[in-house]
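Shown next, in structure tokens, is the structure this report addresses.
Protein chains: 2
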Amino acid sequence: MAEFKNIRIKDIAEMAGVSVATVDRVLHKRGKISEKALKKVMDALEKTGYKPNLIASTLGSNKVYRIAAMIPDPALDDYWNQSGAGIFKAKEDWSQYNVRIESFYFNLYEKSSFKQVAEKVLQFQPDSILLAPIFYHEALDFFDVLKEKGIPYILFNTNIPEAEPISFIGQDLYQSGRVGAEMLATKMKAPGNIAVLHIYEDIQNAVHLKEKERGFRDYFSDNRLEEFNIQSYDFGSYLVAEFDREVLNVLNRDSISGIFVSTSKGSYLAAAVLDKYGKKDLVLVGYDLLKDNIHYMYDGVINFLINQNPKKQAFLGVSYLVNYLLFKKQPPVTELFPLEVITRENIKSYLYSGLH
Amino acid sequence: MAEFKNIRIKDIAEMAGVSVATVDRVLHKRGKISEKALKKVMDALEKTGYKPNLIASTLGSNKVYRIAAMIPDPALDDYWNQSGAGIFKAKEDWSQYNVRIESFYFNLYEKSSFKQVAEKVLQFQPDSILLAPIFYHEALDFFDVLKEKGIPYILFNTNIPEAEPISFIGQDLYQSGRVGAEMLATKMKAPGNIAVLHIYEDIQNAVHLKEKERGFRDYFSDNRLEEFNIQSYDFGSYLVAEFDREVLNVLNRDSISGIFVSTSKGSYLAAAVLDKYGKKDLVLVGYDLLKDNIHYMYDGVINFLINQNPKKQAFLGVSYLVNYLLFKKQPPVTELFPLEVITRENIKSYLYSGLH
DNA sequence: TGTAGGTTTGTGTGCGGACACATTGTAGAA
DNA sequence: TTCTACAATGTGTCCGCACACAAACCTACA
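Chains as they are written, first to last, in UniProt numbering: chain Y, 1 to 356; chain H, 1 to 356.
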């Protein structure tokens with residue numbers, strides 16, 4: 001089909017018996033057009049199935065679009081470091097195009113810094129924003145401003161549906177917990193006590209972690225795996241020394257033989273304890289390919305990791321925005337990443353493979 | 001960095017005190033240039049770090065690049081059907097650009113058809129080719145022609161290093177076997193007999209399947225899992241009735257409790273036997289998210305699948321070619337895909353997630 | 001009937017680069 | 001010295017679209 005040359009605006013103009021400017025006007029809904037002209041142009045457009053040449057379009061409008069990416073400071077946390085890498089990659093990939101991509105970092109541990117950075121972002125006057133909305137309330141305030149200003153935004157990592165972003169990129173947390181449960185169940189010997197460890201530093205994480213836990217527990221009940229006893233423990237904040245002791249306490253007191261850690265950072269913190277006290281025989285399931293997690297997986301302390309792919313999430317977020325601005329391509333409302341199961345044998349294939 | 005406007009050819013020309021045509025000549029190595037002019041231009045290029053505006057470039061040269069994709073007929077096999085889908089997706093994605101992507105299908109079961117199709121591909125006069133080189137010798141002959149004509153090509157799915165393609169896209173088969181072994185080992189109860197089933201219809205597959213088997217066996221020996229006994233069986237071709245009986249024979253005679261199937265189609269064929277004769281308690285590890293495999297995974301007959309991602313492989317192959325032709329971007333020499341472990345709990349997240 | 005003021009339509013240039021074609025420069029032959 | 005042949009360089013147009021600006025067309029009012 002369509003072995004023909006692509007239809008150009010000029011062709012439409014000729015067919016409709018008007019000038020290119022008129023066609024341009026109906027295409028972009030700018031300026032006023034007479035009923036007759038509108039109809040003629042519309043007819044021609046439909047008949048030909050005109051599609052604009054995006055290459056020529058972006059070249060013609062010399063506009064440079066501005067994209068702001070807001071994430072927690074990569075220097076403070078390896079998980080966000082990977083997100084940062086994804087944004088950097090996107091920056092490189094799109095460097096040839098008329099887009100300016102700028103990163104803005106806030107402090108993962110300070111809500112106030114989010115507000116400050118949000119202010120900076122607004123000063124940057126972005127045409128759209130990619131954002132990891134870690135701080136719920138602060139984010140909502142920010143969204144109000146953005147909506148008012150008509151600046152579209154994409155969320156990733158953490159979803160806030162009521163924010164009505166043009167797209168959310170992340171994972172199904174409930175299902176993620178089920179996968180963790182599944183891996184733990186296949187690896188553990190039947191009867192046994194399982195500990196779900198929530199190790200986090202920021203309260204608002206709690207909601208999300210509970211979602212994982214719900215999936216985790218549901219898996220066991222759905223499959224009637226009653227030989228396993230599940231107990232969950234919160235470590236809201238941790239001081240290195242105390243943390244070790246407390247975790248060890250729990251493991252010994254409740255004679256735990258399997259652990260599910262709901263956070264990426266928590267994964268290696270828990271692994272460190274198992275490693276330090278020679279408890280490698282416990283089955284440990286955690287999250288993400290952080291440097292330390294990789295290490296403990298090679299060492300056999302961590303058995304499975306579920307990959308949230310922070311790098312790819314961020315990369316895709318920026319790419320969606322570029323396509324949205326430059327090529328008027330609407331991103332999917334929600335893009336749920338696959339729940340990748342990482343093991344000792346396939347981990348390398350994940351580390352070395354590109355981002356595509 | 002580079003808060004400045006992008007450097008244009010015009011700027012370079014001014015800096016070097018020559019015309020844009022001269023700059024164009026050195027950039028494209030066409031026409032003759034004096035030593036002096038060359039030097040001046042080169043200096044300016046280096047000093048400014050000039051990067052061509054690819055948008056303008058593709059618009060300017062009105063050339064339409066032709067890409068041929070050669071794969072086994074999607075209608076005959078669900079695996080290749082997915083590859084076809086990947087090519088189709090790429091076609092849509094790049095439809096706006098100056099590329100014409102054409103698919104050519106050969107019969108998976110007839111070497112002669114490959115030759116015929118190769119002839120057609122040449123007639124199409126492609127600027128480059130994406131190819132799944134299923135038939136080794138026939139492919140080699142074809143490569144000779146392509147090299148002579150100077151037509152670059154990318155291979156996917158099956159590698160033929162001596163063909164020296166500009167890129168290979170696929171998986172590490174050896175490691176793939178190891179992952180299969182790992183999953184089987186975590187799921188099976190200790191002592192047990194394992195069957196490695198090679199179910200294929202084309203001989204040349206054998207080499208690749210042996211590579212998977214090697215990885216599979218190495219995993220067990222490396223981990224000193226001596227409680228498991230591994231036996232491999234070849235089903236070169238199969239007639240439905242006979243196949244069932246033979247497989248059943250093997251399973252009963254050697255009291256098999258775990259199965260590793262090295263092919264995607266073989267996976268559901270084996271699963272069908274287990275299903276039919278009520279042998280769901282056997283652990284089965286196979287390949288790929290084929291329709292029937294998905295079904296048997298939901299039903300609990302197949303325990304793990306390793307995803308080779310045929311759709312994405314093909315999609316990426318075409319995309320690499322487009323970038324290579326249009327934007328002069330060199331693809332990686334080898335792109336090894338992650339060895340994705342699919343389970344009952346994460347399978348949906350794979351089915352519903354996009355291609356990115 | 002002339003004209004101000006708004007509405008509708010058209011013309012022309014620029015975006016950055018590719019490339020056909022024109023022009024200038026230069027060395028050797030006549 | 002003049003002419004030829006080719007090497008070296010330059011000019012101008014086009015790619016398809018966006019958009020500023022100009023022109024033509026109406027309508028209503030004096």
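Using N, Cα and C, we set each Cβ at its ideal position, and we do this for glycine too. Since the structure is predicted, the reported quantities are computational estimates derived from the model, not experimental observations.
- For Thr-334 (chain H), the secondary structure class from DSSP, reduced to helix, strand or coil, is strand.
- Boundaries of the alpha helix (DSSP H) around Asn-81 (chain Y): 78 to 93.
- Ser-262 (chain Y) is outside the set of residues whose beta carbon lies under 8 Å from a beta carbon in chain H.
- Contact annotation, Leu-130 (chain H) with Val-318 (chain H): C-beta distance approximately 6 Å; criterion of less than 8 Å satisfied.
- Minimum Cα-Cα distance from Asn-205 (chain H) among the listed residues H:Ile-160, H:Tyr-97, H:Ile-230 corresponds to H:Ile-160.
- The beta carbons of Glu-182 (chain H) and Arg-217 (chain Y) sit no closer together than 8 Å.
- In terms of CA proximity to Ile-9 (chain Y), Y:Ala-56 leads the group Y:Lys-36, Y:Lys-32, Y:Ala-56, Y:Lys-39.
- Listed in chain order, the positions of the region 175 to 188 of chain Y with a beta carbon within less than 7 Å of a beta carbon of chain H are Gln-175, Arg-178, Val-179, Glu-182, Thr-186, Lys-187.
- Of the candidates Y:Arg-66, Y:Leu-27, Y:Lys-280, Y:Lys-276, the residue whose Cα lies closest to the Cα of Phe-124 (chain Y) is Y:Arg-66.
- DSSP places Ala-139 (chain H) inside the alpha helix (DSSP H), whose first and last residues are 136 to 149.
- Its Cα nearest to that of Leu-146 (chain Y), the residue Y:Ala-163 stands out among Y:Ala-163, Y:Thr-158, Y:Leu-184.
- The distance from the Cβ of Gly-192 (chain Y) to that of Gly-258 (chain Y) is about 6 Å, consistent with a contact at the 8 Å cut-off.
- Shown here, Arg-66 (chain Y) sits in a strand according to DSSP, grouped into three states.
- Contact residues of the region 313 to 346 of chain H toward chain Y are Phe-315, Leu-316, Ser-319, Phe-327, Pro-332, Glu-335, Leu-336, Phe-337, Pro-338, Leu-339, Glu-340, Val-341, Ile-342, Thr-343, Arg-344, Glu-345, Asn-346 (C-beta to C-beta distance below 9 Å).
- Burial is judged here by how many other beta carbons sit within 10 angstroms of a residue's own beta carbon; Glu-92 (chain H) has fewer than 16 and is exposed.
- Ala-21 (chain Y) sits exposed, since fewer than 16 C-beta atoms from the chains shown fall within 10 Å of its C-beta.
- Going by DSSP, Tyr-219 (chain Y) is part of the alpha helix (DSSP H) stretching over 205 to 222.
- Close CB contacts of Asp-234 (chain Y) within its chain, under the 7 Å cut and outside five residues either way in sequence, are with His-198 (chain order).
- Listed along chain H, the residues sitting closer than 7 Å to Leu-54 (chain Y) by beta-carbon distance are Gln-96.
- Burial state of Asn-252 (chain H) is exposed, judged by a 10 Å Cβ sphere holding fewer than 16 other Cβ atoms.
- Counted as a single uninterrupted DSSP element, the beta strand (DSSP E) harbouring Asp-234 (chain Y) occupies residues 228 to 235.
- Taken residue by residue, none of the region 274 to 294 of chain Y has a beta-carbon sitting less than 7 Å from a beta-carbon on chain H.
- Rounded to the nearest angstrom, the gap between the Cα atoms of Glu-138 (chain Y) and Val-179 (chain Y) is 32 Å.
- According to DSSP, residue pairing for Arg-100 (chain Y) in a beta bridge involves Y:Arg-66.
- Within the model, the alpha-carbon separation for Leu-290 (chain H) versus Tyr-97 (chain H) is close to 32 Å.
- Excluding five sequence positions before and after Thr-48 (chain Y), the CB atoms of its chain that fall closer than 8 Å to its own CB belong to Ile-7, Asp-11, Ile-12, Met-15, given in chain order.
- When the alpha-carbon of Ser-262 (chain H) is set against those of H:Asp-24, H:Leu-326, H:Leu-209, H:Lys-149, the nearest one is in H:Leu-209.
- Val-322 (chain Y) and Lys-111 (chain H) have their C-alpha atoms some 45 Å from each other.
- Close partners of Leu-45 (chain H) in chain Y (Cβ separation under 9 Å) are lacking, with about 16 Å as the shortest Cβ gap.
- Per DSSP, the unbroken beta strand (DSSP E) holding Gly-170 (chain H) starts and ends at 167 to 170.
- The C-alpha of Ile-347 (chain H) lies about 12 Å from the C-alpha of Gly-300 (chain H).
- In terms of beta-carbon proximity, Asp-24 (chain Y) stays away from the interface with chain H, with every pair separated by 8 Å or more.
- Put simply, of Y:Gly-31, Y:Glu-102, Y:Ser-19, Y:Gly-60 the residue whose alpha carbon is nearest the alpha carbon of Lys-40 (chain Y) is Y:Ser-19.
- Distance from the CA atom of Pro-126 (chain Y) to the CA atom of Ala-68 (chain Y), rounded to whole angstroms, is 6 Å.
- Using a Cβ-Cβ cut-off of 7 Å, Asp-218 (chain H) is close to nothing in chain Y; its nearest Cβ partner there is about 10 Å away.
- The residue from Y:Asn-229, Y:Ile-33, Y:Phe-243, Y:Ser-349 with its alpha-carbon nearest to that of Ile-256 (chain Y) is Y:Asn-229.
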